[in-house]
Amino acid sequence: KNWLVSLRFIETETTAIKASLSTMMAGTKMAKIADELAGKVAEKLRHTYPLQAVISAVDGEKGVINIGSQSGVVRGMRFNALDDHDIPLGQVTVIAVGKTESRIQGGENASQLIKGMRLQEVQ
Numbered sequence: 159k160n161w162l163v164s165l166r167f168i169e170t171e172t173t174a175i176k177a178s179l180s181t182m183m184a185g186t187k188m189a190k191i192a193d194e195l196a197g198k199v200a201e202k203l204r205h206t207y208p209l210q211a212v213i214s215a216v217d218g219e220k221g222v223i224n225i226g227s228q229s230g231v232v233r234g235m236r237f238n239a240l241d242d243h244d245i246p247l248g249q250v251t252v253i254a255v256g257k258t259e260s261r262i263q264g265g266e267n268a269s270q271l272i273k274g275m276r277l278q279e280v281q
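This is the structure:
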């Protein structure tokens with residue numbers, strides 16, 4: 159059996175179609191089809207909606223952000239530090255990951271880390 163699976167990701171606030179996915183899958187094992195589809199959905203969502211965080215503590219060039227492995231953060235992940243108008247000021251790198259928070263360090267072109275500063279995952 160062949161299955162044609164089509165999905166659309168619709169933002170509920172604006173009703174805009176943010177992403178779509180269509181794929182042909184062969185086989186009768188629904189669990190395998192579901193696993194393959196889940197991987198493709200996760201990849202599409204990650205690209206459409208990058209992780210966002212807030213700096214919750216600062217110690218010099220290092221800091222702590224309010225998300226961790228539960229949200230998909232991994233060591234080495236990079237985030238843009240954003241100003242109040244969502245303009246990138248520089249990048250930070252995750253150096254340690256906990257379940258609900260992570261430690262970051264500013265890079266060469268990083269701005270000064272400030273408690274409450276917003277971050278967005280680099281794509």
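Per my numbering, residue 159 is the first one in the sequence shown, and the count goes up by one each step. In this text, a Cβ means the ideal position worked out from N, Cα and C, and glycines have one as well.
If you draw a straight line from the alpha carbon of residue i to that of residue j, how long is it in whole angstroms?
| i | j | result |
| --- | --- | --- |
| Ser229 | Ile213 | 15 Å |
| Pro208 | Met188 | 29 Å |
| Phe167 | Glu201 | 13 Å |
| Ala240 | Met275 | Checking the displayed sequence, the identity of residue 240 turns out to be Leu instead of Ala. The straight-line gap from Cα to Cα measures roughly 7 Å. |
| Gln270 | Ile253 | 17 Å |
| His243 | Thr181 | 38 Å |
Residues in the same chain with beta-carbon distance under 8 Å from residue i, minus the five sequence neighbours each way, listed in chain order, please.
| i | result |
| --- | --- |
| Ile191 | Trp161, Val163, Met183, Gly185 |
| Ala215 | Gly221, Val222, Lys273 |
Cα-Cα, which of the options is closest to residue i?
| i | options | result |
| --- | --- | --- |
| Gln218 | Lys273, Ala189, Ala254 | First, the residue type needs correcting, since residue 218 is Gly and not Gln in the sequence shown. Comparing Cα positions, the closest option is Lys273. |
| Lys257 | Ile223, Ile175, Glu194 | Ile223 |
| Leu179 | Thr251, Leu203, Gln249 | Leu203 |
| Ala177 | Lys198, Met235, Glu194 | Lys198 |
Should residue i be labelled buried (16 or more other beta-carbon atoms within 10 Å of its own) or exposed?
| i | result |
| --- | --- |
| Val232 | exposed |
| Gly264 | buried |
| Gly221 | buried |
| Leu277 | buried |
| Leu165 | exposed |
| Ser260 | buried |
| Ile245 | exposed |
| Ile175 | exposed |
Looking only at its own chain, which residues have a Cβ that is under 6 Å from the Cβ of residue i, when we skip the five neighbours before and after it?
| i | result |
| --- | --- |
| Ile225 | Ala211, Val231 |
| Glu129 | For the chain, the structure presents residues 159 to 281; residue 129 sits outside this window and is missing. |
| Leu247 | Ala239, Asp241, Ser269 |
Residues in the same chain with beta-carbon distance under 7 Å from residue i, minus the five sequence neighbours each way, listed in chain order, please.
| i | result |
| --- | --- |
| Val255 | Gly226, Ser227, Val231, Val232, Arg233 |
| Gln281 | His205, Pro208 |
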